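Numbering (the numbering used here), first residue to last: -1 to 138.
Below is one structure, written out as structure tokens, with a few remarks after it.
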């Protein structure tokens, strides 16, 4: 559930700014994205986001690739940056940070499987959420 909150937060933030993002693959084959570079010695690439949201595949192509005859869902529309949406984003980020800093187990979807975060992954997700909160939710 927290993974979906992070995803929603990222979708809300996508149209707001261009950012530098680091991408790398860990030993188990999981692809990671972060605003901070990975540990020293890890091969990574820099990805510059453009602030536009484009699907990786059209919904029809994704449905046919999955062998589904279900009607395709409409693509997500950009969310307006207004006080109501900004409050929702900030509340979501606060909840994510609280969960990540707590002592309970935190799980994410990776390669279609639910996986518990280890300490390093938790620290990385906390840092990313805190950076987003500082950028979009703190008074300027």
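Cβ coordinates follow ideal geometry from the N, Cα and C atoms, glycine included.
None of these values were measured; they are calculated from a predicted model.
Unbroken alpha helix (DSSP H) run spanning residue i, endpoints
{"i": "residue 96", "result": "81 to 99"}
{"i": "residue 103", "result": "That residue, residue 103, is in no alpha helix (DSSP H); it is neither H nor E in DSSP."}
Cutoff 8 Å: residue i Cβ touching any chain E Cβ
{"i": "residue 108", "result": "Absent from the structure: chain E. Only one protein chain is present."}
Residue i: first and last residue of the uninterrupted beta strand (DSSP E) it sits in
{"i": "residue 112", "result": "111 to 114"}
Residues of its chain near residue i, where Cβ-Cβ distance is below 6 Å and the 5 sequence neighbours each way are ignored
{"i": "residue 22", "result": "30, 36, 40, 42"}
{"i": "residue 127", "result": "91, 94, 95"}
{"i": "residue 103", "result": "114"}
{"i": "residue 123", "result": "98"}
{"i": "residue 129", "result": "33"}
Other residues of its chain near residue i: CB distance less than 8 Å, five sequence neighbours each side excluded
{"i": "residue 88", "result": "131, 134, 135"}
According to DSSP, residues forming a beta bridge with residue i
{"i": "residue 23", "result": "29"}
{"i": "residue 77", "result": "Per DSSP, none; premise fails for residue 77."}
{"i": "residue 108", "result": "111"}
Coarse secondary structure for residue i, derived from DSSP in three states
{"i": "residue 44", "result": "strand"}
{"i": "residue 123", "result": "helix"}
{"i": "residue 136", "result": "coil"}
{"i": "residue 117", "result": "helix"}
{"i": "residue 38", "result": "coil"}
{"i": "residue 129", "result": "helix"}
Heavy atom of the ligand MG within 7 Å of residue i beta-carbon
{"i": "residue 44", "result": "Annotation note on the ligand MG: not contained in the displayed structure, which lists no ligands."}
7 Å CB neighbourhood of residue i in its chain, flanking five on each side removed
{"i": "residue 112", "result": "105"}
{"i": "residue 24", "result": "30"}
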